[in-house]
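Numbered as in my numbering, the sequence shown ends at 651 without a single skipped number.
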Amino acid sequence: MQSPPYTNRHWVMFDGPVDAIWIENMNTVLDDNKKLCLNSGEIIPLTPYMTMMFEVSDLAVASPATVSRCGMVYMEPIALGLEPLV
566 MQSPPYTNRH
576 WVMFDGPVDA
586 IWIENMNTVL
596 DDNKKLCLNS
606 GEIIPLTPYM
616 TMMFEVSDLA
626 VASPATVSRC
636 GMVYMEPIAL
646 GLEPLV
């Protein structure tokens, strides 16, 4: 086991539809603070080695503030082929 500070990359992946309530709660972790503020009052800081990725089909309920905090990569479904579905 590696002792702190950890230098291995960690990816937190979110795959599924965007919900208006939980995506707005992600704004604090997506801005420069990189701190996840939980409803319990606990604050979890992300390290420089942590990356969050969202794989969504659309951003219909995400606010402009949330979208502006994320880098976007759009891929046409036809370009993906059948491999992701298998």
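Even glycine gets a Cβ: it sits at the ideal position worked out from N, Cα and C.
Ignore the nearest five residues each way along the sequence and tell me which others in Val621's own chain have a CB closer than 6 Å to its CB.
-> Val583
Determine the DSSP secondary structure at Leu595, reduced to helix, strand or coil.
-> Helix, per DSSP.
Residues near Val594 by beta carbon distance below 7 Å, same chain, minus five either side | Setting aside the 5 residues that flank it on each side, Val594 is surrounded in the same chain by Lys600, Leu601, Leu611 and Met617, each with a C-beta closer than 7 Å to its C-beta; the list follows chain order.
Quick one: Cα of Met640 to Cα of Asn592, how far?
-> 24 Å
Report buried or exposed for Thr631, applying the criterion of at least 16 other Cβ atoms within 10 angstroms of its Cβ.
-> Buried, since its Cβ has 16 or more Cβ neighbours within 10 Å.
Closer than 7 Å by C-beta to Trp576: which residues in its own chain qualify, once you throw out the five before and the five after it? Chain order, please.
-> Thr616 and Met618
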